[in-house]
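Data block below; observations after.
2 protein chains.
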Amino acid sequence: MTTPSFPVSAIVAAQRPHRKDAARNFDALLAAAREAFAENGADASLEDIARRAGVGIGTLYRNFPTRRALFESVYADEVDALCQAALEVADREPWEALTAWLDRFAGYMVTKRAVREALEGESEILGVCRDSMYAAGGPLFERAQQAGEARPDMDFGDLLRMVAGISATHFTDDEQRDRVLAIALDGVRTRR
Amino acid sequence: MTTPSFPVSAIVAAQRPHRKDAARNFDALLAAAREAFAENGADASLEDIARRAGVGIGTLYRNFPTRRALFESVYADEVDALCQAALEVADREPWEALTAWLDRFAGYMVTKRAVREALEGESEILGVCRDSMYAAGGPLFERAQQAGEARPDMDFGDLLRMVAGISATHFTDDEQRDRVLAIALDGVRTRR
DNA sequence: GTTGAACCGGAGGGGTGCCTCCGCTAGAGT
DNA sequence: ACTCTAGCGGAGGCACCCCTCCGGTTCAAC
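So the protein sequences, as listed, match chains A and B. Here UniProt numbering is used: the first residue of the first sequence is 1, the next is one more, and so on. Here UniProt numbering is used: the first residue of the second sequence is 1, the next is one more, and so on.
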């Protein structure tokens, strides 16, 4: 809610109703949905989400006519936060800034896997989210490439998928996840 | 059905009924389930699976009393095939044998993600499958380590999760998946 | 060929989720 | 303060799924 610097920020803002009570319900639904999707996966019950949010099922459907619409809003909200995070690490050293942001990215992916999976396939909003994400994180990667720290024969998209895939997997503990991520990032780093 | 060299092979064999018609139905159900799970994810309809297999729903329940039991059988069957694959590559060079098998592993994971996810959590059969998988693929990795090709500060479990995570992710095309996998494996390979 | 045990199919009861529709409520503008 | 419109909740119809149960069928052993 600070500086809406990315296109994705406008999406959620545009959907939020103006009336006070309606806006409150909108926020509660988004939060409840985020929670339910993280907990029960992509096919969490919409009636359960409405219940969690403390609103009627009708209110849910008025704000989000389809299940997909709800997914898109939750996802866009999430991506927006991630974009803001990129701004916060921008003043560190190239490689460290990149890995710090990827770390945050990995953290989001653990819980958000359900939403992303459901949105797989065409979706206009998904495109905007992708663009925002690339606009936010891409420069970090390119800076690392120009500093000779990241290999030049891959692009930011390759990197994101790699991190997303690994971080969405089930590990015995967080330590193992970090270890594996570090090894894979070793493949990204330029050899000396 | 060639050489049942791994403990997992015994699991499916033990469940298969002896009467001719019953065995046929059992096989049809397993195939239908594999298909349905790959297509619709972990919560595919059991009635739909019975329909695909051309048997009554009652027959499905007789062979697999719970959804979990069905998952376990499908998964065990799959793992068995993967174990056999490890034997087939054993006579190649250390690093090449390892990557060839991982390639096969990745291929299975793309479609089998649903099953693995549903089985997440405790399950005796899952333990046996894991053991068989390690018995089959582990030696390939250790051989590569001893040949000085793979880094010594990780174990086979780390490697499998890494490949599983990446290969289960959605990519724009198979080429990108292969590229990303290769980069990550670069992190596994010993630096010269 | 006979027989009985194992196996078969699917109807049906109970449960849950999806989505629409409409009588009621409360915020926002004057 | 008044109004009127945007917004609210949830009952209810429909669809689908889970799982049990039992009368009929088929295999295989003798």
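Glycine included, C-beta positions come from ideal geometry on N, C-alpha and C. These numbers were taken from a predicted model, which means no experiment stands behind them.
In this structure, the CA atom of D131 of chain B is about 20 angstroms from the CA atom of Q145 of chain B.
The DSSP-derived three-state label of R34 of chain A is helix.
Contact annotation: the region 137 to 153 of chain B touches the region 174 to 190 of chain B, with at least three C-beta pairs closer than 8 angstroms. Near chain B, meaning a CB-to-CB distance below 8 angstroms, no residue of the region 129 to 144 of chain A qualifies. In terms of beta-carbon proximity, D158 of chain A lines the interface with chain B, with at least one pair separated by less than 9 angstroms. Its chain contains no residue whose beta carbon lies nearer than 7 angstroms to that of K20 of chain B once the 5 sequence neighbours on both sides are disregarded. A residue is called buried once 16 or more other Cβ atoms fall within 10 Å of its Cβ, and N25 of chain A is buried on that count. For G127 of chain B, the uninterrupted alpha helix (DSSP H) run begins and ends at 124 to 146, by DSSP. If the five residues before and after Q15 of chain A are omitted, its C-beta is found closer than 8 angstroms to the C-beta atoms of F26, N63, S73, all from its own chain and listed in chain order.
Taking C-beta atoms as the reference points, A31 of chain B and M109 of chain B fail to come closer than 9 angstroms.
Taking 9 angstroms as the cut-off, the Cβ atoms of L160 of chain B and A97 of chain B do not count as close. Across the set B:M162, B:N40, B:L29, the C-alpha of B:L29 shows the shortest separation from the C-alpha of R52 of chain B. Going by DSSP, D77 of chain B is part of the alpha helix (DSSP H) stretching over 67 to 88. Pairing I125 of chain A with D155 of chain B, the inter-Cα distance amounts to about 40 angstroms. Judged by DSSP in its simplified three-state form, R151 of chain A adopts coil rather than helix or strand. Relative to the Cα of K112 of chain B, the nearest Cα in the group B:A13, B:Y75, B:L102, B:I183 belongs to B:Y75.
Shown here, R191 of chain A sits in coil according to DSSP, grouped into three states, outside any helix or strand.
For R52 of chain A, the enclosing alpha helix (DSSP H) covers residues 46 to 53. Between A86 of chain B and G127 of chain B, the C-beta gap is not smaller than 9 angstroms, which leaves the two residues out of contact. DSSP, read as helix, strand or coil, puts D173 of chain B in coil. At a beta-carbon threshold of 7 angstroms, the residues of chain A lying near G165 of chain B are G165, I166, A168, T169, ordered along the chain. In its chain, beyond the 5 residues on either side, I166 have a beta carbon closer than 6 angstroms to the beta carbon of L181 of chain A. The residues V89, R92, in chain order, have a CB closer than 8 angstroms to that of A100 of chain A in the same chain once the five nearest residues on each side in sequence are set aside. F171 of chain A places its beta carbon 9 angstroms or farther from that of A114 of chain A. F71 of chain A sits close to A118 of chain A, with the two beta carbons spaced by under 9 angstroms.
Look at T172 of chain B: its C-beta is under 9 angstroms from a C-beta on chain A. Just so you know, the alpha carbons of V12 of chain B and G41 of chain B end up roughly 22 angstroms apart. I183 of chain B sits away from D173 of chain A, with the two beta carbons spaced by 9 angstroms or more. By the rule that beta-carbons nearer than 9 angstroms mark a contact, E96 of chain B does not touch chain A.
Close partners of D43 of chain B in chain A (Cβ separation under 9 angstroms): G41, D43.
With respect to the C-alpha of Y134 of chain A, the residue from A:C83, A:S123, A:R179, A:A168 having the closest C-alpha is A:C83. Contacts with chain B (Cβ-Cβ distance below 8 angstroms) from the UniProt domain "HTH tetR-type" (23 to 82) of chain A involve D43, listed in chain order.
Using a CB distance cut-off of 9 angstroms, I11 of chain A does not count as an interface residue toward chain B. C-alpha of F6 of chain A to C-alpha of R177 of chain A: approximately 30 angstroms in a straight line. Taking C-beta separations shorter than 7 angstroms and ignoring five residues to either side along the sequence, the partners of C129 of chain B in its chain run V8, Y75, A76, V79, following chain order. Between the alpha carbons of I49 of chain B and E120 of chain B lies a gap of roughly 22 angstroms.
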